[in-house]
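Asks:
Residue numbers (our numbering): 1 to 387.
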């Protein structure tokens, strides 16, 4: 994880939605954070509307997001006097920040919150990263640099600067662009791609045709970002059943591996004695790290064949698996080879969670042969080890 400052609410502005945050250790005001949360409040009533389905193409009045001179009636058009690039009224964090109950306010996905949300979208929330280093990616504008790791992601090499939403040190957009705004240029105005005629499908051929603007990544995007989620309605992640410990492009795990390389493939290991995840380099046991891009169909005869229930094999949203096809959303898995592929986000949330290491469940509560059953958490896949 990358580093999080301890922030505390020090006041409210206007209608109570705009917060000022102050460092608990230094007492300094985090002006970026202030701008970001304020921006969310400004946009709440008339923000850019997004379509239900496919990529997030902005609709609505241009003035909802843009200002020509950042001035109207003698006052700043943005939440503060700060001028933002691309003539916008705020930054990425500002538009995607909401109150605890906001998940898709005006159909914009909220991935950062001013109070602990009872539920999150598929990627989780940065909220917990504001105070606990290990509970989220430590993105500039949300938190500070990790107090232990600095700007070095676990299993990877040090970044040149703090993690950002987009750009060279970000996850979204064109990483060849150093500027966040340039990295996402045009993406919010692109029409839904619907690759192959499949609603919400993107083939990774370019930025706007990439899963959640993660450049080069394939998948099928749930129209509501999994605000409502079930075995039949969810993001369909793309994975490849690897036969070696080498990285494969376009999978959701390969995206994670760009920073956490040693956790994904030996070819990106950061130490000479680091063998990646498979000791023999052939994607078979004994593992030295939990496998990713591994197809459970190949071991269906073992405990993994009961993922989603014995004889049922329903997709489990709490422990999602990927598919090597984006022709349709899978409601049942373990039917054919390549439809139950383990990924990084089978266990982790992308942005953050209420658990250490961005996990989807409490790892300390996973007790072998001593739980109440139900195949939750780790036991969604390791089905014989809970009771």
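Glycine included, each C-beta is placed from N, C-alpha and C at the ideal position.
Is residue 41 buried or exposed, if buried means 16 or more other CB atoms sit within 10 Å of its CB?
Replies: Only weak support is given to the placement of residue 41: the predicted model assigns it a pLDDT of 36, under 50, and the value that follows is read from those uncertain coordinates. With 16 or more other Cβ atoms within 10 Å, it is buried.
Asks: Among residues of its own chain, excluding the 5 on either side of residue 295, which ones have a beta-carbon nearer than 7 angstroms to its beta-carbon?
Replies: The answer, listed in chain order, is 241, 337, 338, 340, 341.
Asks: Take the Cβ of residue 62 as the centre, count every other Cβ of all protein chains shown within 10 Å, and call the residue buried at 16 or more, exposed below.
Replies: By the neighbour-count rule (16 or more Cβ atoms within 10 Å), residue 62 is not buried but exposed.
Asks: Shortest alpha-carbon distance to residue 253 belongs to which of 209, 301, 128, 322?
Replies: Of 209, 301, 128, 322, the residue nearest in Cα terms is 322.
Asks: Do residue 110 and residue 355 have their C-beta atoms within less than 8 angstroms of each other?
Replies: Taking 8 angstroms as the Cβ cut-off, residue 110 and residue 355 do not qualify as a contacting pair.
Asks: Taking the runs of the beta strand (DSSP E) that are 3 residues or longer, which of them lie wholly in the segment 147 to 212?
Replies: Correct list: 164 to 166, 170 to 172.
Asks: What separation, rounded to the nearest whole angstrom, lies between the Cα atoms of residue 243 and residue 189?
Replies: About 39 angstroms.
Asks: For the candidate residues 85, 73, 74, whose alpha-carbon lies nearest to that of residue 65?
Replies: For residue 65, the nearest C-alpha among the options comes from 85.
Asks: Taking only the alpha-carbon atoms, compute the straight-line gap between residue 36 and residue 165 and give it to the nearest angstrom.
Replies: At residue 36 the pLDDT is 39, less than 50, meaning the model places this residue with poor confidence; the figure from the coordinates comes in the next sentence. Each residue's Cα considered, the two are about 13 angstroms apart.
Asks: Where does the unbroken alpha helix (DSSP H) through residue 252 begin, and where does it stop?
Replies: Where residue 252 is concerned, the enclosing alpha helix (DSSP H) stretches over 252 to 257.
Asks: Helix, strand or coil: which one does DSSP assign to residue 313?
Replies: Correct three-state label for residue 313: coil.
Asks: Could you tell me which residues DSSP puts in a beta bridge with residue 332?
Replies: 314.
Asks: Measuring straight from C-alpha to C-alpha, what distance separates residue 203 and residue 248?
Replies: Taking the straight line from one Cα to the other gives about 15 angstroms.
Asks: Going by DSSP, what residues sit across from residue 337 in a beta bridge?
Replies: Note: residue 337 sits in no beta bridge, so no partner.
Asks: In whole angstroms, give me the CA-to-CA distance for residue 317 and residue 72.
Replies: Going by the C-alpha atoms only, they are around 46 angstroms apart.
Asks: What residue does the alpha helix (DSSP H) around residue 145 start on, and which one ends it?
Replies: No alpha helix (DSSP H) contains residue 145, which DSSP labels as neither H nor E.
Asks: When DSSP labels each residue in this structure, what does residue 279 get in the three-state scheme?
Replies: If DSSP states are grouped into helix, strand and coil, residue 279 belongs with coil.
Asks: Which term fits residue 312, buried or exposed, when burial requires 16 or more other beta carbons within 10 angstroms of its beta carbon?
Replies: Counting Cβ neighbours within 10 Å, residue 312 comes out exposed, since fewer than 16 surround it.
Asks: With DSSP collapsed to three states, give me the class of residue 387.
Replies: It is coil, neither helix nor strand.
Asks: Could you please give the first and the last residue of the uninterrupted alpha helix (DSSP H) stretch that includes residue 139?
Replies: Neither: residue 139 is in no alpha helix (DSSP H) and is coded neither H nor E.
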